[in-house]
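Chains S and P, in that order, are what the protein sequence lines are.
Counting in the numbering used here, the first sequence runs from 18 upward without gaps.
Counting in the numbering used here, the second sequence runs from 299 upward without gaps.
We put the CB at the ideal spot given by N, CA and C, even for glycine.
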Amino acid sequence: MTANTTKNTNLQIINSRKKGFFIISLHSALLSALVLFSMTQTVTAKASEASSRITQISEKTLENGLKVIVKPDHRAPVVISQVWYKVGSSYESGGTTGVSHVLEHMMFKGTEKYPTGEFNKIISRNGGEDNAFTSKDYTAYYQKLEKSRLKVSFEMESDRMRGLLLPKDEFDKEVMVVMEERRWRTDDKPQSLTYEQFYATAFDNSGYHNPTIGWMDDLKNMTVEDLNAWYQRYYAPNNATLVVVGDVEPEAVFTLAEHYFGSLKPFKIAKLKPRIEREQKGTKRIEMELEAKLPYMIMGYKVPVVNTAEIKWEPYALDLLAEILDGGDSARLSKNLIKGSKIATSAGAGYSMDARIQALFLLDGIPVKGTTTAELEATLLKELDDVKNNLVSEAELNRVKAQVILSAVYEQDSMFYQGMKIGIAETVGIGWQEESRYVEYIQAVTAEQIQQVAQKYFTPQTLTVATLKPIAKQVKEQKKELGQVK
Amino acid sequence: MKSITKKMMKKTSKKNIMNLFVSALLMSVLCVASVNASEPTDKEQSASHDTLKVGKITQWFTKNGMKVLYQQADSLPMIDFRLIFDAGAARDSSFKSKDGMVLAGLAKLTNGLIFEGTKTLTSNQIADQFANLGVEYGNGSYRDMAVVNIRTLSYEKQRDGALSLLTNVLANATFPDEALQREIPRMIVSLDYEDQTPSKKASRFFYESLYKDHPYGTPPGGSRESLKVIQQSDLLAYYKQLYVAKNVVLAVVGDLTETQARDYAEKISSAMPSGEKVAQLPAAEQNDHEIIVRENHPSTQTTVLMGQPVLKRGDDDLYPLYVGNHILGGSGFSARLMKEVRVKRGLTYSIGSYLVPMHAQGPYQFSFTTKKSSTEEAIQLVEENLNQFIENGPTEEELKNAKLNITGSFPLRQASNKDIVENLAVIGFYELPLDYLDQYNAKIEAVTLEQVKSAFKRRVHPKKMATIIVGPEVEVAADKDQTSEKNSAQSKG
Chain S
18 MTANTTKNTN LQIINSRKKG FFIISLHSAL LSALVLFSMT QTVTAKASEA
68 SSRITQISEK TLENGLKVIV KPDHRAPVVI SQVWYKVGSS YESGGTTGVS
118 HVLEHMMFKG TEKYPTGEFN KIISRNGGED NAFTSKDYTA YYQKLEKSRL
168 KVSFEMESDR MRGLLLPKDE FDKEVMVVME ERRWRTDDKP QSLTYEQFYA
218 TAFDNSGYHN PTIGWMDDLK NMTVEDLNAW YQRYYAPNNA TLVVVGDVEP
268 EAVFTLAEHY FGSLKPFKIA KLKPRIEREQ KGTKRIEMEL EAKLPYMIMG
318 YKVPVVNTAE IKWEPYALDL LAEILDGGDS ARLSKNLIKG SKIATSAGAG
368 YSMDARIQAL FLLDGIPVKG TTTAELEATL LKELDDVKNN LVSEAELNRV
418 KAQVILSAVY EQDSMFYQGM KIGIAETVGI GWQEESRYVE YIQAVTAEQI
468 QQVAQKYFTP QTLTVATLKP IAKQVKEQKK ELGQVK
Chain P
299 MKSITKKMMK KTSKKNIMNL FVSALLMSVL CVASVNASEP TDKEQSASHD
349 TLKVGKITQW FTKNGMKVLY QQADSLPMID FRLIFDAGAA RDSSFKSKDG
399 MVLAGLAKLT NGLIFEGTKT LTSNQIADQF ANLGVEYGNG SYRDMAVVNI
449 RTLSYEKQRD GALSLLTNVL ANATFPDEAL QREIPRMIVS LDYEDQTPSK
499 KASRFFYESL YKDHPYGTPP GGSRESLKVI QQSDLLAYYK QLYVAKNVVL
549 AVVGDLTETQ ARDYAEKISS AMPSGEKVAQ LPAAEQNDHE IIVRENHPST
599 QTTVLMGQPV LKRGDDDLYP LYVGNHILGG SGFSARLMKE VRVKRGLTYS
649 IGSYLVPMHA QGPYQFSFTT KKSSTEEAIQ LVEENLNQFI ENGPTEEELK
699 NAKLNITGSF PLRQASNKDI VENLAVIGFY ELPLDYLDQY NAKIEAVTLE
749 QVKSAFKRRV HPKKMATIIV GPEVEVAADK DQTSEKNSAQ SKG
């Protein structure tokens, strides 16, 4: 057992900005006499007060480099444990795309101590739920258990962090399962297939070119050696974060983590090459012709994220802008495109500020019948022009801020999501402390800043557009009732 | 931190009649196994609140007859109000056009348009006011239930504002024709979306085949024909008859006292006329023969659904059937079907079976997807496993492990206010005893091997199931005993 050196910080999140909140509220309140507006101010102030009732996070890094983060939530006798690895599909190269995700599947296929199938079986007998997930930037494993059984999770997670066997016969079957998953998830869903091709078009040399599930041909040619190389390269305590949320005390969790994970040996993790996307020199367009019933379009602009931003406030302005466009029924796309001009059956905007590298600000939608995807695109561009040309009103800005801040309070209802936020922030490099200042940064965004990011980033030079054009089916589509046998 | 995941969470609570669409913006995370979501009416609790830090469930009726269930949970400064009307798609069949056509889709339209305007407020004003108050609001329409819910901060100003807006909506909804003329085409687009999505297409055929003229056979999303004839006056009639105090259950969970909850409940119920509780649904009988539906679809995989109506709420066989199904196909990687079809053979990503207890007999459903060439093999495997299970039942060890999982996981099912309000909704709506959760683990523990075997033998009849096969053209080979009837069926088809 290694003696632990600790870097034990005990920080309170969100609460620290309570004062700032009120200052901003008062200041803005002077600018407007609107009743609705002052209600909004009360909401943000209350949201801040609400946040202060919760959330203390503790962290400690074990000597082998494993970072352990604990967020107590004593509402129910339940604990969620998540192990996050810094690896995902954006780390992968051509020829072996999908390897992070296939490895995630194989992590359930046994170690010497717990042979194939044992992991699920033991968690199940302990009344637990477990699963794992892979994205472009991370691979994570979790268990949800009654609180006294946290050690069951730690024992098995530490065991498979270094002790995976990767039996070939299991791999041969599991890669078939992943190919079925790809068919189900992407190949047979026209919008998903369009989305995949859209990303591959928007990004050339960046790791975001690859789909997380992997190209089918790469899956077909994947070998157990590919997986082993990937496992040996990234599955180490010093490349992982252990996040625990629930009815637990931080010190007890640190002791337990030390007991189970402390003896794992760290190793040098090869530095990931930056693969910074080359500069885009004009709009890229693709059209997918698929056997489908509905047209669809998706477009995206290259934008910075928290992790890459040179100007710190920009991602927060983009985040609010996404909310202004698509933050529910009171947001612009719903009001203007679905209810107002009735040009879209559905329309959305999205932006993941917590991506690891340069990402996209997305807009997508399905036009109503009789309208083309080109017309929908033009209408979406007009919405962006409006943001470029006109300042967002204080009332709208404050309403959207209130919504964003309130959902940060409501999110506390999900322990899993609390863990997700910490895990993602740590894994992509933002850090949970910075993540916890989200509300503060959002609160500080001005209408001018929203206009500035729109003008700066929504330019044709970095735009990619993909449309799905439904084509007639080759086979005659007729439902056959195969009779009724008495 | 804003992320796609958060967006995904918000989307689910957002009021949106178009809940068929999953925007591509949301797809970014892959899991080792899919979570097989079931309808909210399907919720099977496995929980007890004796170790939880929340109050006891209290139930009462308001002056004009609305049932209320309340549970205090004051760790977070918020309150959930959820109204569950007995006004799901199963009620559509009582509403017909002049020509006698069932107005399929009426329940969904009425529910979906409830926030679209009142006598004093426009749709945008309602949306803005909720947003300004920081209230999340939503709705949902299923076969049994129509749901309206809000989540608000528990501070007096917010909760009072939220409640007064909600009561205004409940009392004065106008279902503007302009909104209806916008939503009907969107519902038709949803039907197109169903048509390009194999699982949705299969599900539609599944319910049609199981329930035929029974109210559960009515497609909640309507049909192209019914959507053409539905009028504003139909929505108003539906609302007037079914959105009434005696036909709804209110679940209240959060940071408020019982006195406050009683006060708010009175305000909510007095926004509605007392009205009448709608009549019970007729029983859903099983078919007396096997049905096979084969649909070509331009996909690489085949989607298969099999099943029949089996279980209603309050049924004596509920616990043995639930435990048995847990072992056969209801417990993810621990289940036999997952082991046989996925783990041993790699034929599917996701396979499972689900019992859906509803007002009338809900479906017992088996589902999976597999590539074209393994369709036949996978169907046979499911049939063999089901037949074997009915014949021999589970082993002692399987039964023991299932009980360990179900009883051991009960705290997990009540770990959030959202979980608690869903539990209350089901208990209130299906008239389960208030100690349902307290008794749950004891009932599970009491299930014996013989009970499971007996219940499956008496209640599950593979030869009378419907099998829906949607996918690329598949040759169904004529060999195995179990499929001989199907093959003869196919040759007739």
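Next item on the list: Quick one: grab the DSSP three-state call for L374 (chain P).
Entry: coil
Notebook entry, point to check: In this structure, does DSSP put Q530 (chain P) in helix, strand or coil?
Noted result: In the structure shown, Q530 (chain P) sits in a helix (DSSP, three-state: H, G or I).
Next item on the list: May I ask you to verify whether the region 471–482 of chain P touches the region 619–635 of chain P, counting CB pairs closer than 8 Å and requiring at least 3?
Entry: no
Notebook entry, point to check: Per DSSP, G263 (chain S) forms a beta bridge with which residues?
Noted result: S:P89, S:V96
Note to self: For a quick check, are the C-beta atoms of I767 (chain P) and I677 (chain P) less than 9 Å apart?
What the structure shows: yes
Check: What does Q712 (chain P) pair with, by DSSP beta-bridge criteria?
Finding: Paired residues: none, contrary to the question.
Next item on the list: Measuring alpha carbon to alpha carbon, tell me which of P:L381, P:Q686, P:P517 ends up nearest G438 (chain P).
Entry: P:L381
Item checked: Unbroken beta strand (DSSP E) run spanning Y562 (chain P), endpoints -> Taken as a continuous stretch (DSSP letters only), Y562 (chain P) belongs to no beta strand (DSSP E), being part of the alpha helix (DSSP H) at 556–568.
Item checked: Touch test, the region 123–141 of chain S against the region 166–173 of chain S, Cβ-Cβ under 8 Å, three pairs minimum -> yes
Next item on the list: Compare the C-beta of Y427 (chain S) with all C-beta atoms of chain P and state if any pair is closer than 9 Å.
Entry: yes
Margin query: Once the 5 residues before and after V527 (chain P) are set aside, which same chain residues still bring their CB inside 6 Å of it?
Written below: S395
Margin query: Spatial neighbours of E696 (chain P) within its chain, please: C-beta separation below 6 Å, excluding the five flanking residues on both sides.
Written below: Sequence-distant Cβ neighbours of E696 (chain P) in its own chain, meaning closer than 6 Å and more than five residues away, are I625.
Note to self: So with CB distances below 9 Å, who are the chain S contacts of L722 (chain P)?
What the structure shows: Chain S residues near L722 (chain P): none, gap ~15 Å exceeds 9 Å.
Check: So what does DSSP say about E574 (chain P), is it helix, strand or coil?
Finding: coil
Note to self: For Q712 (chain P), count the other beta carbons within 10 Å of its own beta carbon; 16 or more makes it buried, fewer makes it exposed. Which is it?
What the structure shows: Taking all protein chains in view, the Cβ of Q712 (chain P) is crowded by 16 or more other Cβ atoms within 10 Å, so the residue is classified as buried.
Check: How big is the Cα-Cα spacing for I560 (chain P) and L311 (chain S)?
Finding: Just to set this straight, residue 560 (chain P) is Arg in the shown sequence, not Ile. If I take the Cα positions, the gap works out to 48 Å.
Checklist line | Residues near W101 (chain S) by beta carbon distance below 6 Å, same chain, minus five either side | finding: Y155, A157, T258, G440, T444
Margin query: Against F420 (chain S), what residues of chain P qualify as contacts under a CB-to-CB distance less than 7 Å, listed in chain order?
Written below: Before going further, note that residue 420 (chain S) is Gln rather than Phe in the sequence given. Near Q420 (chain S) (Cβ distances below 7 Å), the residues of chain P are A429, G432.
Checklist line | Proximal residues, the region 741–765 of chain P versus chain S, C-beta separation under 8 Å | finding: none
Checklist line | Nearest candidate by alpha-carbon position, reference S643 (chain P), set S:R92, S:L183, S:E197 | finding: Per the sequence shown, residue 643 (chain P) should be read as Arg rather than Ser. Cα-wise, what sits closest to R643 (chain P) is S:E197.
Note to self: Short of 8 Å Cβ to Cβ, which residues in the region 588–605 of chain P face chain S?
What the structure shows: Within the region 588–605 of chain P, the qualifying residues are E588, I589, I590, V591, R592, E593, N594, H595, P596, S597, T598, Q599.
Note to self: Strictly below 7 Å CB to CB, what residues from chain S border R484 (chain P)?
What the structure shows: T362
Notebook entry, point to check: Taking contact to mean at least 3 C-beta pairs separated by less than 8 Å, is the region 247–254 of chain S in contact with the region 86–105 of chain S?
Noted result: yes
Notebook entry, point to check: Would you say I797 (chain P) and R449 (chain P) are within 9 Å of each other, going by their C-beta atoms?
Noted result: Since the first residue shown for chain P is 299 and the last is 791, residue 797 (chain P) is missing from the structure and cannot be characterised.
Item checked: Three CB pairs or more closer than 8 Å across the region 349–368 of chain S and the region 393–400 of chain S -> yes
Checklist line | Rounded straight-line distance, which links the Cα of A339 (chain S) to that of E268 (chain S) | finding: The straight-line gap from Cα to Cα measures roughly 40 Å.
Note to self: Does chain P have any CB closer than 9 Å to the CB of M193 (chain S)?
What the structure shows: yes
Note to self: Does chain S have any CB closer than 9 Å to the CB of F708 (chain P)?
What the structure shows: yes
Item checked: CB of V487 (chain P) within 9 Å of CB of I383 (chain S), strictly -> yes
Notebook entry, point to check: Could you give the C-beta distance for P655 (chain P) and D613 (chain P), rounded to a whole number, given that I count them as a contact under 8 Å?
Noted result: 7 Å
Checklist line | Where N137 (chain S) meets chain P, residues with beta-carbon distance less than 8 Å | finding: Here the neighbours are G630, F631, S632.
Next item on the list: Find the residues of chain A that neighbour A471 (chain P), judging by a C-beta separation of less than 7 Å, and give them in chain order.
Entry: Judged by its chain identifiers, the structure shown contains no chain A, and its protein chains are S and P.
Item checked: H226 (chain S): contacting residues in chain P (beta-carbon distance under 7 Å) -> Neighbours of H226 (chain S) on chain P: none; closest Cβ ~14 Å, over 7 Å.
Check: Would Y728 (chain P) count as contacting chain S if we go by Cβ distances under 9 Å?
Finding: no
Item checked: Beta-carbon spacing of A429 (chain P), V417 (chain S) below 9 Å -> yes
Item checked: Supposed contact pair D615 (chain P) and R757 (chain P) - C-beta distance, whole angstroms, cut 8 Å -> Confirmed, about 6 Å.
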